[in-house]
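A.B. asks:
Protein chains in written order, with our numbering: chain H, 38 to 437; chain B, 38 to 437.
1) For the putative contact between residue 226(B) and residue 194(B), defined by C-beta atoms under 8 Å, what is the C-beta separation to the nearest angstrom?
2) So is residue 444(B) buried or exposed if we call it buried at 16+ other beta carbons inside 10 Å?
3) Less than 8 Å between CB atoms is the rule here; does residue 185(H) satisfy it with respect to chain B?
4) Considering only the beta carbon of each residue, do residue 326(B) and residue 217(B) sit closer than 8 Å?
5) Just mark residue 86(B) as buried or exposed, buried being the case when its beta carbon has 16 or more other beta carbons within 10 Å.
6) Could you tell me which of 370(H), 397(H) and 311(H) sits nearest to residue 355(H), measuring between CA atoms?
7) Show which residues of chain B have a CB atom less than 9 Å away from the CB atom of residue 423(H).
8) Residue 138(B) CB to nearest chain H CB: under 8 Å?
9) Can you tell me which of the three DSSP states residue 334(B) falls into?
10) Give the range of the beta strand (DSSP E) segment to which residue 344(B) is assigned.
11) Chain H partners of residue 204(B), CB-CB under 8 Å?
12) Between residue 348(B) and residue 373(B), what straight-line distance do the alpha-carbon atoms span, to the nearest angstrom?
13) When you compare only the Cα positions, how much space is there between residue 420(B) and residue 228(B)?
14) Rounded to the nearest angstrom, what separates residue 405(H) and residue 337(H) at their Cα positions?
15) I'd like to know if residue 78(H) contacts chain B, where contact means its C-beta is closer than 8 Å to some C-beta of that chain.
16) Given a cut-off of 8 Å, decide if residue 427(B) and residue 223(B) are closer than it, judged by their beta-carbon atoms.
17) May I have the straight-line CA-CA distance separating residue 315(H) from residue 340(H), to the nearest angstrom?
18) Can you tell me the Cα-Cα spacing of residue 141(H) and residue 431(B), whole angstroms?
19) Quick check: what's the CA-CA separation for residue 320(B) versus residue 304(B)?
20) In chain B, which residues lie less than 7 Å from residue 338(H) when you measure between Cβ atoms?
21) Thinking residue 235(B) and residue 198(B) are a contact (beta carbons under 8 Å), I'd like their distance in whole angstroms, please.
22) Where does residue 14(H) fall in DSSP's three states?
23) If we cut at 8 Å on Cβ distances, does residue 430(H) have a partner in chain B?
24) Please report the straight-line C-alpha distance between residue 443(B) and residue 97(B), rounded to a whole angstrom.
25) Under a CB-based cut-off of 8 Å, is residue 130(H) close to chain B?
26) Counting only the same chain and skipping the five closest in sequence on each side, list residues whose C-beta sits under 7 Å from that of residue 273(B).
27) Check distances from the C-beta atoms of the region 104–133 of chain B to those of chain H and list, in chain order, the residues that come in under 7 Å.
28) Quick check on the burial criterion: 16 or more other C-beta atoms within 10 angstroms. Buried or exposed for residue 417(H)?
29) Kindly list, in the order they appear in chain B, the residues whose Cβ is closer than 7 Å to that of residue 92(H).
30) State yes or no: is the beta carbon of residue 308(B) nearer than 8 Å to at least one beta carbon in chain H?
31) What residues of chain H sit near residue 178(B), judged by a beta carbon separation below 9 Å?
32) Do residue 196(B) and residue 169(B) have their C-beta atoms closer together than 8 Å?
33) Taking residue 104(B) and residue 157(B) to be in contact with their CB atoms under 8 Å, please state how far apart those CB atoms are, rounded to whole angstroms.
34) Step through the CB atoms of chain B and report whether any lies within less than 8 Å of the CB of residue 427(H).
35) What are the residues of the region 205–217 of chain B that lie near chain H, defined by any Cβ-Cβ distance shorter than 7 Å?
36) Residues of chain B with a CB under 7 Å from the CB of residue 146(H): which are they?
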């Protein structure tokens with residue numbers, strides 16, 4: 038990764054063929070390559086190779102990890118090239134063709150960076166925990182419900198564990214799980230593999246079965262979809278509205294807290310067999326979703342007993358001192374980061390992250406709070422950190 | 038549409054600004070425009086306007102309806118242009134930048150033409166029937182199940198009607214609903230708005246509540262995903278496998294019939310509260326899915342009582358004569374086409390479509406069979422025909 042960092046720091050355009058060592062020629066289509074397409078490909082070093090026919094183009098680049106790599110044109114007009122090795126896991130990327138930033142037509146598309154665009158999966162050594170296996174599977178359900186707060190029908194995804202439809206007497210704990218800035222309610226299902234992580238954990242007896250609710254906490258009201266506006270005309274308007282970007286009239290947690298407490302939790306509790314009490318209600322989130330989790334749970338300790346913050350700050354003794362019920366009410370606090378995020382601890386002094394997460398967690402543990410601090414090795418502020426965080430959190434939650 | 042057709046016939050490139058009349062300047066973002074994006078837009082004539090920054094490009098085109106329209110560059114390097122009026126409803130399209138065919142970064146993406154790519158919604162006068170409304174909503178559920186036929190875990194989407202989770206004693210009829218060639222199990226939910234069509238029909242008391250099962254009938258075994266291969270490593274591999282294109286070892290209906298009868302129907306009947314008998318089991322499909330419906334239902338009249346074929350052929354007296362049980366067993370045969378498809382009736386002489394659908398339907402009706410022939414006005418072999426066909430079919434099915 039040194040090479041990548043050096044390039045990023047100096048701002049020099051990186052030529053694919055100038056990578057200091059020749060790439061290992063074991064490239065294969067990725068799990069995120071569209072069925073029937075040969076590219077994008079990934080090799081065992083974590084390099085991504087893209088290829089596109091663009092006979093009249095003057096310049097084509099692969100834009101990944103904040104670096105643009107020039108591709109090379111062959112005599113048929115096909116441009117091909119690689120990037121430096123990427124971390125294991127999932128990354129957003131795009132192509133640039135004569136100055137136009139566009140999705141790679143060969144990739145699957147994901148919502149992130151406030152857009153639907155290309156994503157690439159670099160096989161991870163620990164990918165077995167989110168592998169598709171022949172185990173009992175839960176369901177990922179797309180629901181529509183009416184929010185009084187936004188005066189509109191909103192979309193929410195709900196994971197129900199295997200067997201949910203079999204025993205109608207059984208009730209389940211519930212986790213409200215939030216995405217990051219520029220992402221939406223599809224992130225934990227698509228990029229996060231939430232359903233597969235849970236199916237595998239439950240099959241191995243490592244997690245209790247519980248329900249997961251994934252709504253959109255990037256609440257704003259773009260393009261006329263304001264409170265008071267009539268519900269829009271079709272599902273795609275809904276998807277646009279539900280996919281709200283964090284710009285415009287963005288309200289960090291207040292608006293989503295109203296949706297969550299006044300509309301979503303009541304909807305879930307009257308439509309799903311959840312155990313509707315504080316001991317069986319959790320909230321977690323990644324990045325912005327972690328910070329929202331912190332704000333909303335600290336202000337509502339009577340409603341949440343289990344808290345997860347993934348790359349989204351931590352809780353300090355100062356917070357605890359302002360919330361004297363914390364120790365009684367909170368049965369699990371889980372805080373995590375990717376190891377690469379911790380390389381520069383300056384980010385934790387001041388700002389929105391609320392102090393060094395390790396220092397904070399150690400202090401809370403000394404004060405008798407059930408806190409777990411987890412570090413995802415060799416990953417950054419990206420989905421592999423959050424898949425692992427969900428795996429660890431799900432193994433602990435509702436067991437106390 | 039004459040202008041469009043003439044251009045298509047002569048193969049002349051159509052310059053957007055050369056459209057014979059100036060476009061009406063009431064363009065607005067479409068329902069399929071990504072939230073936060075200004076383009077693509079649609080005007081009240083059904084013209085699509087796209088716009089993309091591509092400062093170094095030499096030529097940028099909008100490729101829609103088999104015509105490529107040149108865009109025009111402004112002094113900031115932004116290329117913009119329109120196409121001729123398109124039919125109401127949904128169309129696939131793409132951009133072409135210096136010879137590279139790519140998705141429009143401003144649009145939502147849909148699976149069709151054997152790829153994930155851009156789609157555009159032209160508002161339709163009758164769009165209310167698939168509008169998102171504040172009515173009781175069903176659920177669209179993503180399920181994984183194991184298929185012995187393919188020896189792999191497959192993805193299937195299941196629509197459950199409003200109230201399904203409320204009354205655990207109630208059982209429902211079930212419709213197996215197939216997509217067209219180059220599409221997959223996501224088509225009826227994304228492009229088709231199946232859940233909204235059903236929610237609205239049920240809310241108005243126009244359809245009985247029933248379950249809809251949407252699997253992938255473009256069965257082949259690309260890139261090593263062959264029978265006998267171990268289930269692949271993650272959900273994206275699953276998506277790729279489930280999205281099988283109709284190339285390679287494509288088997289028109291036999292392989293899917295095995296999956297349907299031996300794996301999928303048993304899975305549904307043991308995991309959903311369906312009425313598991315012939316009178317309460319329907320099959321329908323669009324285009325290739327309609328032809329598969331014809332082959333599979335005619336060969337299995339003991340299993341299906343209701344048949345829907347949307348732009349996918351019809352059933353003739355010859356067929357009936359070869360299947361003497363037909364009149365006793367089949368309670369509803371629904372056949373439909375877009376009116377533009379019927380403009381050239383030559384397509385029905387010979388070939389896979391099995392004779393003129395109107396002539397066939399009239400003959401069956403005269404023979405005492407409950408056949409409905411529906412024509413979607415001013416639409417072609419596209420999703421607006423199939424949304425309307427589902428609406429009509431769902432209003433009739435399981436009522437006999």
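Every residue, glycine too, gets a C-beta built ideally from N, C-alpha and C.
C.D. replies: In short, the structure shows the following:
1) Sequence index remark: in the second chain, residue 226(B) carries index 189 (1-based). Sequence index remark: in the second chain, residue 194(B) carries index 157 (1-based). Sure, about 5 Å apart at Cβ, within 8 Å.
2) Shown here, chain B extends from 38 to 437; a query on residue 444(B) therefore has no answer.
3) By one-based count along the first chain, residue 185(H) stands at place 148. Contact with chain B is absent for residue 185(H), since none of that chain's Cβ atoms lies less than 8 Å from the residue's Cβ.
4) The sequence position of residue 326(B) within the second chain is 289, counting from 1. The sequence position of residue 217(B) within the second chain is 180, counting from 1. Yes. Within cutoff.
5) Translated into the one-based positions of the second chain, residue 86(B) becomes position 49. By the Cβ-count criterion, residue 86(B) is buried, with 16 or more other Cβ atoms from all chains shown falling within 10 Å of its own Cβ.
6) Here residue 355(H) is taken as the residue at index 318 of the first chain, counted from 1. Among 370(H), 397(H) and 311(H), the Cα nearest to that of residue 355(H) is on 397(H).
7) What you label residue 423(H) is simply residue 386 of the first chain in a count that begins at 1. Under the 9 Å cutoff, chain B gives no residues; its nearest Cβ is about 15 Å from residue 423(H).
8) Here residue 138(B) is taken as the residue at index 101 of the second chain, counted from 1. It does: the Cβ of residue 138(B) has a partner Cβ on chain H nearer than 8 Å.
9) Sequence index remark: in the second chain, residue 334(B) carries index 297 (1-based). Helix, per DSSP.
10) By one-based count along the second chain, residue 344(B) stands at place 307. Segment 343–347, the beta strand (DSSP E) holding residue 344(B).
11) In the second chain, residue 204(B) corresponds to position 167, counting from 1. Annotation: residue 204(B) has no Cβ neighbours in chain H at a cutoff of 8 Å; minimum Cβ distance is about 10 Å.
12) Here residue 348(B) is taken as the residue at index 311 of the second chain, counted from 1. Here residue 373(B) is taken as the residue at index 336 of the second chain, counted from 1. Whole-angstrom Cα-Cα distance: 6 Å.
13) Here the question's residue 420(B) lines up with position 383 in the second chain. Here the question's residue 228(B) lines up with position 191 in the second chain. So the two alpha carbons sit approximately 7 Å from each other.
14) As a first step, residue 405(H) is located in the first chain; it is residue number 368 there, counting from the start. As a first step, residue 337(H) is located in the first chain; it is residue number 300 there, counting from the start. Each residue's Cα considered, the two are about 21 Å apart.
15) For the purposes of this step, residue 78(H) is taken as the residue at position 41 of the first chain. Not closer than 8 Å to any Cβ of chain B, the Cβ of residue 78(H) fails to qualify, so no.
16) The residue you call residue 223(B) lines up with position 186 of the second chain. The residue you call residue 427(B) lines up with position 390 of the second chain. No, the pair does not count as a contact, with Cβ atoms beyond the cut-off.
17) Here the question's residue 315(H) lines up with position 278 in the first chain. Here the question's residue 340(H) lines up with position 303 in the first chain. Approximately 5 Å, taken between the alpha carbons.
18) Stepping through the first chain from its first residue, residue 141(H) is reached at position 104. Stepping through the second chain from its first residue, residue 431(B) is reached at position 394. Taking the straight line from one Cα to the other gives about 38 Å.
19) Your numbering for residue 320(B) matches position 283 in the second chain. Your numbering for residue 304(B) matches position 267 in the second chain. About 16 Å.
20) Within the first chain, the letter at position 301 stands for residue 338(H). Result: empty, since nearest Cβ-Cβ is about 30 Å, beyond 7 Å.
21) As a position in the second chain, residue 235(B) is number 198, starting the count at 1. As a position in the second chain, residue 198(B) is number 161, starting the count at 1. Residue 235(B) to residue 198(B), Cβ: 7 Å. Contact.
22) The structure shown does not extend to residue 14(H), since chain H spans only 38 to 437, so no value can be given for it.
23) As a working note, residue 430(H) is residue 393 in the first chain. It does not; no Cβ of chain B falls within 8 Å.
24) Because residue 443(B) is not part of the residues shown, which for chain B are 38 to 437, the question remains open.
25) Indexing the first chain from 1 puts residue 130(H) at position 93. Answer no: the Cβ-Cβ gap between residue 130(H) and chain B never drops below 8 Å.
26) As a working note, residue 273(B) is residue 236 in the second chain. Confidence at residue 273(B) is low in this model, with a pLDDT of 39, below 50, so its placement is unreliable and the value that follows should be read with caution. Annotation for residue 273(B): no residue places its beta carbon closer than 7 Å to its own, counting only its chain and skipping 5 residues before and after.
27) 114
28) Position 380 of the first chain, counted from the first residue, corresponds to residue 417(H). Answer is buried; the Cβ neighbour count reaches 16.
29) The count along the first chain starts at 1 and reaches residue 92(H) at position 55. By Cβ distance, chain B contributes 136.
30) The residue labelled residue 308(B) in the question sits at position 271 within the second chain. Chain H contact via Cβ: present.
31) Residue 178(B) sits at position 141 when you count from the first residue of the second chain. Those within 9 Å of residue 178(B) in chain H are 176, 177, 178, 179 and 197.
32) Against the second chain, residue 196(B) aligns to sequence position 159. Against the second chain, residue 169(B) aligns to sequence position 132. In this structure, residue 169(B) does not lie closer than 8 Å to residue 196(B) by Cβ.
33) Start at 1 with the first residue of the second chain, and residue 104(B) comes out as number 67. Start at 1 with the first residue of the second chain, and residue 157(B) comes out as number 120. That pair is no contact at about 14 Å.
34) Numbered from its first residue, the first chain carries residue 427(H) at position 390. Judged by the 8 Å Cβ criterion, residue 427(H) is not in contact with chain B.
35) 205
36) Here residue 146(H) is taken as the residue at index 109 of the first chain, counted from 1. Correct list: 146 and 153.
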